Every structure is written in C-alpha cells, then in structure tokens.
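Asker:
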Amino acid sequence: METEKVEIVLDEREFSALMQLVFLGNYVANSIRDEDHKIREYQALDEKLTRLEYEIYQKISGEEAEFNELADLWDNTIDAVDEYLKDFEKDVFRERLARVITWSNYPILPNDEESLKKHWAAETEYIKLIKEKGIKFVQITAPKIDDRLNIDREWGI
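Residue numbering for the sequence shown is 455 to 611, as defined by this note's numbering.
(1) Grouping DSSP H, G and I as helix and E and B as strand, with all else coil, what is T578?
(2) State the start and end residues of the unbroken alpha helix (DSSP H) segment that holds T477.
(3) Are the C-beta of E509 and some C-beta of chain B separated by less than 9 Å?
(4) Need the endpoints of the alpha helix (DSSP H) that Q497 sits in, please.
(5) Mapping DSSP to helix, strand and coil, what is D600?
(6) How would you call E507, buried or exposed, if buried means at least 16 neighbouring beta carbons within 10 angstroms?
(7) Measuring only the C-alpha atoms, how far is Q512 from L503?
(8) My output table needs one value for N565: the three-state DSSP class, helix, strand or coil.
(9) Classify E456 as helix, strand or coil using the three-state DSSP reduction.
(10) Please report how far the alpha carbon of D606 lies from the alpha carbon of D600, in whole angstroms.
(11) Could you please give the first and the last residue of the uninterrupted alpha helix (DSSP H) stretch that includes I535?
(12) Please report the straight-line C-alpha distance between D545 and L551, rounded to a whole angstrom.
(13) Apart from the five residues just before and just after P564, which ones in its own chain have a Cβ nearer than 6 Å to its Cβ?
(14) Is the stretch 556-570 in contact with the stretch 484-499, if contact means three or more CB pairs nearer than 8 Å?
(15) From L603 to F469, what does the alpha carbon distance come to, in whole angstroms?
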C-alpha cells in the first residue's frame, strides 16, 4: 500500500537538530540489540536521512555515498550528542539500579496495597539517594563464582 509523501521544510539548524534526534532515537532503540533483533525500520530511516544529509552538504547524490562516508557523518553526530548520551545512560543506569535494589528490599506482595506503596516510595528514595551520593552509596555483595568459571573455554587461554 502506497503512503502519501510528506514534505518538510527546515533550515540548516533545524535539519541538524532533526538528524541528532534521528540518531539518538535509533541509538536508544537499537544499540542494545544484537544484529538479528535490531529495528530495521529505524536503521533504514537513519541511513536514508544521513544520505540526504550527505547530498545536501557534499552536493553529491547520497545514493553514491559509500558507507564510510556516511559513517563520518554519524561520527560528527555522535560528537554533537555525546554529552546527552552520557547523561541519558547514567540516568537510566541509576534508575535501573534503584529498581533492582527496590525489588530486592521491598518486593510487591500479591494483594498487598501497603507493600505496593512502600515499593513505590522506596524506589523514589533510592533514585534520589543514588543521584545525591553517587553509585558508591550502593553496596553490592555477591559470592564468588569460581566453580562456574571456565576460563580456558570462554577466553581461549
């Protein structure tokens, strides 16, 4: 089924911001996935717009651009959004860490509204504490797992 074409008019700054958003969206959706599970639609749109960007700035057809030439544009975009990515990843890590700690210390019990309220309150507080004090606030203890390690097989040493 054919879809209608949409025309968007952007100035150079707006187009640059759009490219950063496209990159960030594709990064968030696909960087955590192995190749077989990547969202192809996002990858294809990112590449299509990057080819358009190449065409705009290089005055050469984006279809003729080789992958390494597109990679240069992606590198420039990474440089432009690197701080956003670092902040995002740090924030996601903190929230997930708080969530794991909360589930460990304040599990939600079936049909227990009080445990649900405690859980939500604890997660909020853990997020605040981790942001205030850093991840050093968290102490993780786990037993050694030497009996499970197979260094020769895993690392080929």
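Each residue gets a CB set at the ideal place from its N, CA and C atoms; glycine is no exception. As the structure is a prediction and not an experimental result, all values here were calculated from the model.
Answerer: To lay it out plainly:
(1) helix
(2) Checking the sequence shown, residue 477 turns out to be Phe, not Thr. Taken as a continuous stretch (DSSP letters only), the alpha helix (DSSP H) holding F477 covers E466 to N484.
(3) Any reference to chain B falls outside this structure, which holds one protein chain only.
(4) R494 to Q512
(5) helix
(6) buried
(7) 14 Å
(8) coil
(9) coil
(10) 13 Å
(11) For the record, residue 535 in the displayed sequence is Val; it is not Ile. Its alpha helix (DSSP H) spans residues F521 to N559.
(12) 10 Å
(13) none
(14) no
(15) 50 Å
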